[in-house]
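Here the structure is laid out as structure tokens; the discussion comes afterwards.
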Amino acid sequence: MARQSQWKGRRGKPRCDHCRLNNLKCDRILPTCNHCSWANRECKYTPLPTPAHRGIPRCDRCRFHNLKCDRNLPVCNHCAGDEGVECNYTPKKRHKVPSDHAATVAAAAAATIATIAPAAPASATASSSAVPKERPAPYTAKTASFLISDMPNEESYTTGNWIAEHPEGVKGKLPSGMYEIYSDGSPGSDDDSADGVNTPKHRPPYDSSTWHSRARSMGSSASKSCTFDNKLLPGRHLDPWYHSTFAPLPRSILQGIRTVNPIEMPTRPNYDEALNKFLAELPAELREIAAFTPETYADLTRAVVKGDFSTLTPRVTSWVQYHHVRPGSRKYHLLLLPREAYFSIRGEKEEKLRNEFIAEVDGEIPTNKSSATSLGHGPGQHVINSHEGVSAFLRVPVSTQIYDILVYAHKNHASTTQTLAQVRQAGIASVTWPMVETFVRLCPLCSARAKPITL
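Counting with UniProt numbering, you get residues 1 to 455 for the letters of the sequence shown.
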């Protein structure tokens with residue numbers, strides 16, 4: 001009968017096949033372990049493959065003669081065949097590089113050169129001293145250089161560094177004070193032209209001198225010209241919907257969208273399809289005021305600015321008058337609803353607050369330069385601070401902006417109630433519970449968390 005090795009590795013005895021396959025804690029009891037006994041399963045122990053050796057070194061004699069040792073204890077196969085031969089197992093030791101190794105190598109190299117060519121001139125000796133450096137030192141291959149990954153040359157990632165530092169690319173001309181951002185491929189945005197070529201009016205033409213000046217400022221490593229296609233780069237950010245005739249979303253929402261991982265959110269086409277299906281199932285009188293397409297929104301804004309409601313349907317006209325809908329910009333299409341606390345204020349006060357809101361959206365200097373302006377007389381007068389105009393109204397979004405608003409409100413993947421509360425806190429109106437619930441239902445991360453874990 002062949003001798004069985006009694007060697008125990010650092011990880012102990014091997015587990016049975018079933019426990020090793022399912023990564024279970026096996027008690028290694030023969031003939032049946034705890035898991036196989038409970039499940040009434042056949043318990044098999046397959047020995048580890050011989051080439052692995054589990055870190056067991058060969059015996060000294062087999063290692064010296066470079067023989068294939070079976071590593072049996074107390075005597076291996078080769079030593080058992082030769083009587084009177086000792087079979088010793090010496091553990092491997094990792095030799096550290098001596099501190100004086102470099103000096104020893106340099107001294108040995110100098111002595112060798114002096115022995116071979118004693119009459120050589122000093123210049124020749126100095127030049128030949130570089131020859132031993134090409135010869136690998138005894139400890140060079142044993143160092144821990146493999147622990148450090150080789151870094152690519154600077155020239156290979158200079159362009160990537162520039163892209164990482166400037167993820168927004170070329171910015172469009174938005175009003176000062178707003179977060180400058182644009183959308184690539186958003187439906188109905190300025191990026192979609194009639195001929196299919198992206199030639200938005202609000203973007204400046206590409207200036208090659210700007211790129212070359214930035215490349216020179218990054219050092220000599222960017223001297224090589226490198227071209228890239230933005231379409232081949234993975235999308236790291238969600239692109240909000242933007243149109244030059246509509247007011248962008250608030251700066252806080254746009255900045256929050258830039259921090260969202262696109263993989264964790266529903267796609268825009270999927271949500272737009274679900275939203276359109278929800279709107280189509282609503283009654284006609286509710287469908288008119290539930291969400292406004294860009295065309296309808298533009299017509300409604302022009303009617304509110306002119307005060308002429310003859311082009312609107314009776315249902316939309318009553319909605320505008322009941323909710324005190326007001327225009328929120330002189331440059332863009334934007335509708336506002338006063339918050340509940342400001343719903344019944346006097347007309348002149350409402351107009352002053354609305355002008356402050358318009359100045360913030362359009363990037364204008366507000367008419368009242370003082371930090372606080374008091375209105376009214378007597379002890380009940382109300383003081384307006386510089387930010388009250390911004391917080392006194394709610395925005396009515398375009399239907400294509402609802403997705404961007406929900407991405408911002410749902411960035412922490414909260415419940416439907418908390419997401420809707422975040423929408424209201426951001427100053428957005430007309431986003432209802434079913435719209436938020438549809439978004440949360442389509443969220444891939446929330447759907448994965450809601451699935452029960454099956455063992």
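For every residue, glycine included, the Cβ atom is placed at its ideal position computed from N, Cα and C.
If you're wondering where the values come from, they're calculated on a predicted model, not measured in any experiment.
- In the structure shown, R326 falls within a strand segment according to DSSP collapsed to helix, strand and coil.
- The three-state reading of DSSP puts L275 in helix, counting H, G and I together.
- Burial is judged here by how many other beta carbons sit within 10 angstroms of a residue's own beta carbon; Q425 has fewer than 16 and is exposed.
- The C-beta distance from L300 to L286 rounds to 16 angstroms, too long to meet the 8 angstroms contact threshold.
- Here R251 is actually not in contact with L334; their C-beta atoms are around 15 angstroms apart, not less than 8 angstroms.
- The beta strand (DSSP E) runs lying completely inside the region 372-452 and spanning 3 residues or more are 372-375, 382-385 and 393-396, given in chain order.
- Here A284 is exposed, its C-beta having fewer than 16 other C-beta atoms within 10 Å.
- If you check the CB distance, V407 and V260 come in under 8 angstroms.
- Taking 8 angstroms as the cut-off, the beta carbon of F278 is found closer than this to the beta carbon of P434.
- Taking a cut-off of 8 angstroms for Cβ pairs, the region 66-79 and the region 31-39 do not touch, as fewer than three such pairs fall below it.
- Note: P338 is bridge-paired with F393 in the DSSP secondary-structure output.
- For L442, the CB contacts under 7 angstroms within the same chain, skipping 5 residues up- and downstream, are P266, N270, Y271 and A274 in chain order.
- Burial of G427 is indicated by the presence of at least 16 other C-beta atoms within 10 angstroms of its C-beta.
- Per DSSP, R58 lies in no alpha helix (DSSP H) segment and is marked neither H nor E.
- Where P294 is concerned, the enclosing alpha helix (DSSP H) starts and stops at P294 to K306.
- Check the Cα spacing between H410 and each of D404, T419 and Y403: the tightest is with T419.
- One thing to note: F246 has its Cβ no nearer than 8 angstroms to the Cβ of L337.
- In this structure, the straight-line span from the alpha carbon of G389 to that of S447 is close to 39 angstroms.
- Per the C-alpha coordinates, the member of V436, H413, T417 and F439 positioned closest to R449 is H413.
- By the neighbour-count criterion, in which a residue is buried when 16 or more other Cβ atoms sit within 10 angstroms of its Cβ, V85 is exposed.
- H18 carries a helical assignment under DSSP once its states are collapsed to helix, strand and coil.
- By the neighbour-count criterion, in which a residue is buried when 16 or more other Cβ atoms sit within 10 angstroms of its Cβ, A303 is buried.
- Membership of N34 in the alpha helix (DSSP H) is indicated by the continuous run N34 to W38.
- For F246, the pairing in a beta bridge is given by DSSP as H333.
- Membership of R287 in the alpha helix (DSSP H) is indicated by the continuous run A284 to A290.
- Assigned with DSSP and collapsed to three states, T317 falls in helix.
- Between Q401 and L254, the CB-CB gap reaches or exceeds 8 angstroms.
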